[in-house]
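Right, one structure below, let's go through it.
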Ligand SMILES: Cc1cc2nc3c(=O)[nH]c(=O)nc-3n(C[C@H](O)[C@H](O)[C@H](O)COP(=O)(O)OP(=O)(O)OC[C@H]3O[C@@H](n4cnc5c(N)ncnc54)[C@H](O)[C@@H]3O)c2cc1C
Ligand SMILES: NC(=O)c1ccc[n+]([C@@H]2O[C@H](COP(=O)([O-])OP(=O)(O)OC[C@H]3O[C@@H](n4cnc5c(N)ncnc54)[C@H](OP(=O)(O)O)[C@@H]3O)[C@@H](O)[C@H]2O)c1
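In the numbering used here, the protein residues as written are 600 to 858.
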């Protein structure tokens with residue numbers, strides 16, 4: 600079981616109903632790498648003020664969340680409400696000043712340190728799978744390592760898009776080295792592609808929008824979020840002879856499954 604830091608919510612940003620970013624006090628969390636996850640915990644069924652460790656252990660509900668910011672005094676988490684879920688209805692009700700528990704030590708291998716070198720880097724996400732990429736792109740190292748970085752964010756509706764302003768700023772400040780491509784599956788707008796990410800790879804629209812190709816020899820690909828998207832993408836990229844990266848069998852693809 601993780602060791603828990605008794606943290607507080609410092610800020611809350613609601614992107615749209617049920618989709619929010621919590622910023623919490625991270626002063627009790629050990630240093631970690633962008634892309635890693637921490638556990639957040641709470642007591643959806645309540646807990647007595649004088650509850651002892653055993654009672655807390657019994658009542659605590661915890662889940663892993665990618666940190667959407669690099670290590671620091673404040674930590675961000677980008678979270679979607681799963682209506683019939685156990686923890687997210689509780690997290691969605693939290694406000695600045697409320698208590699939240701966070702694991703002291705991060706975990707996970709979904710980091711750029713575990714990603715093979717390549718000319719270009721594709722960071723592909725559905726929904727809140729964007730979180731680890733926001734953390735990665737706030738550091739300097741990826742910009743020194745890759746010639747071009749493309750973020751692909753697939754969501755249902757335009758109002759499910761998040762972090763757009765921050766990412767569009769990167770397109771200006773990292774001119775030529777960064778591209779954001781957003782794709783909607785249940786709506787169309789002038790600024791976004793329409794369709795699921797694997798289909799947009801198959802029909803060439805994604806690479807056209809990104810201004811670069813996705814080949815075995817020119818890129819590494821990170822995939823995060825909905826496990827069905829990960830499976831479809833593995834299949835589509837497999838047709839291009841791209842495989843999952845393993846230390847003993849180097850490939851191009853690194854994955855983080857959210858469920
Ligand atoms: C390594 C890792 C990192 C994660 N990071 C994040 C994150 O940054 N943000 C985030 O919102 N979630 C993230 N998750 C998912 C998170 O851990 C919980 O599963 C999720 O918040 C649901 O918790 P719950 O208790 O409300 O639902 P539960 O009662 O645990 O129900 C879980 C069910 O909800 C569905 N579900 C879970 N997560 C999602 C999701 N993000 N989108 C759609 N459906 C989902 C699945 O069907 C799953 O079986 C991550 C999961 C893993 C394994
Ligand atoms: N604003 C919000 O985002 C919001 C708010 C409140 C509650 N919720 C709830 O949160 C949960 C998660 O919703 P979500 O929209 O964040 O996540 P999601 O269901 O994983 O959808 C995110 C994106 O992934 C796509 N997708 C699904 N399966 C795919 C596949 N096999 N291959 C490629 N792409 C695929 C979806 O396309 P399709 O549209 O084709 O499925 C959608 O564009 C749901 O229970 C939802 O009701 C969401």
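Every residue gets a Cβ at the ideal spot worked out from N, C-alpha and C, and that includes glycine.
Quick one: what's got a C-beta closer than 6 Å to residue 729's C-beta in the same chain, skipping five residues either side?
-> By 1-based counting over the chain shown, the position of residue 729 is 130. Hits under 6 Å: 752.
Would you please state the rounded distance, in angstroms, between the beta carbons of residue 813 and residue 806? I believe it to be under 8 Å.
-> Translated into positions along the chain shown, residue 813 becomes position 214. Translated into positions along the chain shown, residue 806 becomes position 207. So it is a contact: roughly 6 Å between Cβ atoms.
What three-state label does DSSP hand residue 775 in the structure shown?
-> On the chain shown, position 176 is the one that residue 775 refers to. Of the three classes helix, strand and coil, the one that applies to residue 775 here is coil, per DSSP.
Can you tell which of 723, 681, 679 has the C-alpha that lies nearest to the C-alpha of residue 778?
-> Numbered from its first residue, the chain shown carries residue 778 at position 179. Taking only the C-alpha atoms, the option nearest residue 778 is 723.
Could you check what DSSP says for residue 756 in three-state terms: helix, strand or coil?
-> What you label residue 756 is simply residue 157 of the chain shown in a count that begins at 1. Coil, per DSSP.
Buried or exposed (CB count within 10 angstroms, at least 16 for buried), residue 761 | Here residue 761 corresponds to residue number 162 of the chain shown, with the count starting at 1. So residue 761 counts as buried.
Pick helix, strand or coil for residue 620, following the three-state DSSP scheme.
-> Residue mapping note: residue 620 aligns to position 21 of the chain shown, counting from 1. Correct three-state label for residue 620: strand.
Could you check if residue 651 is buried or exposed, using at least 16 other CB atoms within 10 Å of its CB as the buried criterion?
-> Locating residue 651 in the chain shown gives position 52, counting from the first residue. Looking at its Cβ environment, which holds fewer than 16 other Cβ atoms inside 10 Å, residue 651 is exposed.
Roughly how many whole angstroms lie between the Cα atoms of residue 763 and residue 655?
-> Numbered from 1 along the chain shown, position 164 holds the residue referred to as residue 763. Numbered from 1 along the chain shown, position 56 holds the residue referred to as residue 655. So the alpha carbons of these two residues sit roughly 38 Å apart.
Mark residue 855 as exposed unless 16 or more other C-beta atoms lie within 10 angstroms of its C-beta, in which case mark it buried.
-> Taking the chain shown and counting its residues from 1, one reaches residue 855 at position 256. Label assigned to residue 855: buried.
Taking C-beta to C-beta, are residue 633 and residue 768 nearer than 7 Å?
-> Here the question's residue 633 lines up with position 34 in the chain shown. Here the question's residue 768 lines up with position 169 in the chain shown. Result no, Cβ atoms of residue 633 and residue 768 do not sit closer than 7 Å.
Secondary structure of residue 605, DSSP reduced to three states = Position 6 of the chain shown, counted from the first residue, corresponds to residue 605. DSSP places residue 605 in strand when its eight states are reduced to three.
In the DSSP assignment, what residue or residues form a beta bridge with residue 664?
-> Within the chain shown, the letter at position 65 stands for residue 664. For residue 664, the beta-bridge partners assigned by DSSP are 637.
Among 818, 631, 754, which residue has its Cα nearest to the Cα of residue 745?
-> The sequence position of residue 745 within the chain shown is 146, counting from 1. Looking at the Cα atoms, 818 is the closest of the given residues.
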